[in-house]
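The sequence shown maps to residues 3 to 242 in my numbering. Glycine residues also receive a C-beta, built at the ideal position from the N, C-alpha and C atoms.
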Amino acid sequence: MAECRYSIPKIRYSCPFEAEEGEEYCIFHLPKEKKEPKEFWKHLASYLIALMENTEDEKIKDFLNRREAWIFQEKDDVLIGYYKSKIEKGKRWEFTGFIFPEMDGEHNFNNFPLWDADFERAQFSGNAGFIRTKFSGYAGFSWAQFSGYAVFSEAQFSGDADFSGAEFSGYAGFIRTKFSGYAGFSGTQFSGNAYFSLARFSGNADFSKSQFFGYANFREAQFSGNANFGFAQFSGECQF
Ligand SMILES: [Zn+2]
C-alpha cells in the first residue's frame, strides 16, 4: 500500500500512515468530501486508544479503565494494532493537518485527557468540541482552521498552548479555560465572537497581531504573567 502523501517539510512532518485504497491520503488527511465521517471516527477512536495505551500517565490510565467515552464503542481492535505499530512511545501525539469532519454530541474531545498533542494546521470542518479537555503537556493548534463553533471552555492546558496563526471562523469559546503555561494567540484571527471571560492565564499570554472581527469578551479574565496585545485589532465591541 502506498504511503499517505501529507507532509510539511518545514517542520519535518510526514504522515506515517498508509493511504486509503485508490487515494493519495490516509483517512485523516483525505479531503472532507472524500471520506465517510463514520469511518473517520472509527479510525480516530482506534488511533486514540493506541496512543493512550502507549502513554504512561495516571489520568489517561484512569480514562482507559472507565471506558465511558465514545471511542470505546467505535474502536476496532485490528486498527488499534495497526496504529500501535505506527507510533513511538513517548512521542508527541500527532494530529498535524488532520481534516476533521463536523463534531457532534458524541464525536468530540470533551472531557478527554490528552498528552503532548499537535493539531498544527488541522482543519475542523464544523464544530470542534474540546470542553473540559485536559491537555497534560504541549498543545499545538498553530495555523489550525476552525470553520464552526470552537469550544475550549473549561479546558485545562497544563503546558504551553499555541494557537498562533489559527483561524476561528465562528464562535470561539475559552470561558473559564486555564492556561498554566504560555498561551500563544499571536496572529490568531477571530471572525466570530470570542469569549475569554473568566479564563486564567498563569504564564505569559501573547495576543500580539491577533484580529478580532466580532465581539471580544475578556471579562474577569486573569493574567498573572505578561499579557501582550501589541498590534491586536479589535473591529467589534470588546470588553475587559
Ligand atoms: Zn496521512
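| query | result |
| --- | --- |
| Between Trp117 and Trp95, is the Cβ-Cβ spacing less than 8 angstroms? | yes |
| Suppose you measure from the CA of Glu58 to the CA of Phe198; what does that come to, to the nearest Å? | 32 angstroms |
| Have a look at Phe284 and Ala157 and give me their C-alpha separation to the nearest angstrom. | Here the chain covers residues 3 to 242 and nothing more, so residue 284 does not appear. |
| For a test of the three-state rule: what should DSSP assign to Leu32, helix, strand or coil? | coil |
| Please determine, among Asp164, Gly186 and Glu108, the residue with the shortest C-alpha to C-alpha distance to Ala130. | Glu108 |
| Rounded C-beta distance between Ser188 and Ser166? I'm assuming under 8 angstroms. | 4 angstroms |
| For Ile101, which residues does DSSP report across the bridge? | Gln125 |
| Enumerate in chain order the residues of its own chain whose CB-to-CB distance from Ser149 is below 8 angstroms, with the five nearest sequence positions on each side excluded. | Gln125, Phe126, Ser127, Gly128, Ser171 and Gly172 |
| Can you give me the C-alpha to C-alpha distance between Ser9 and Cys17, rounded to a whole angstrom? | 6 angstroms |
| From Pro39, Glu239 and Leu32, pick the residue whose C-alpha is nearest to that of Met105; which is it? | Pro39 |
| For ligand 1, list every residue whose C-beta falls under 6 angstroms from any of its heavy atoms, going in chain order. | Cys6, Tyr8, Cys17, Phe19, Tyr27, Cys28, Phe30 and His31 |
| Return the first residue and the last residue of the alpha helix (DSSP H) that Gly83 is part of. | Asp79 to Lys88 |
| For the alpha helix (DSSP H) containing Asn67, list its first residue and its last residue. | Glu60 to Arg68 |
| Which term fits Phe19, buried or exposed, when burial requires 16 or more other beta carbons within 10 angstroms of its beta carbon? | buried |
| Identify whether Gly41 lies in helix, strand or coil by the three-state DSSP scheme. | In the sequence as presented, Gly is not what sits at residue 41; that position holds Glu. Helix. |
| Quick check on DSSP: helix, strand or coil for Pro115? | strand |
| Hey, could you find the ends of the alpha helix (DSSP H) Glu156 is sitting in? | Unbroken run through Glu156: none, as it is neither H nor E. |
| Using the beta-carbon count (16 or more within 10 Å), is Lys37 buried or exposed? | buried |
| Over what stretch of residues does the alpha helix (DSSP H) that includes Phe165 continue unbroken? | Per DSSP, Phe165 belongs to no alpha helix (DSSP H) and is neither H nor E. |
| In the DSSP output, what is Phe203 paired with across the bridge? | Phe181 and Phe225 |
| Short of 6 angstroms in beta carbon distance, which residues of its chain neighbour Ala229, apart from the five on each side in sequence? Order them along the chain. | Ala207 |
| What's the C-alpha gap between Glu41 and Gln241? | 42 angstroms |
| Quick one: Cα of Arg68 to Cα of Glu76, how far? | 15 angstroms |
| Quick check: Lys254 and Asn56, are their CB atoms within less than 8 angstroms of each other? | Past the edges of the chain, shown from 3 to 242, lies residue 254, and the structure says nothing about it. |
| Taking DSSP as the reference, what is the three-state secondary structure of Ala218? | strand |
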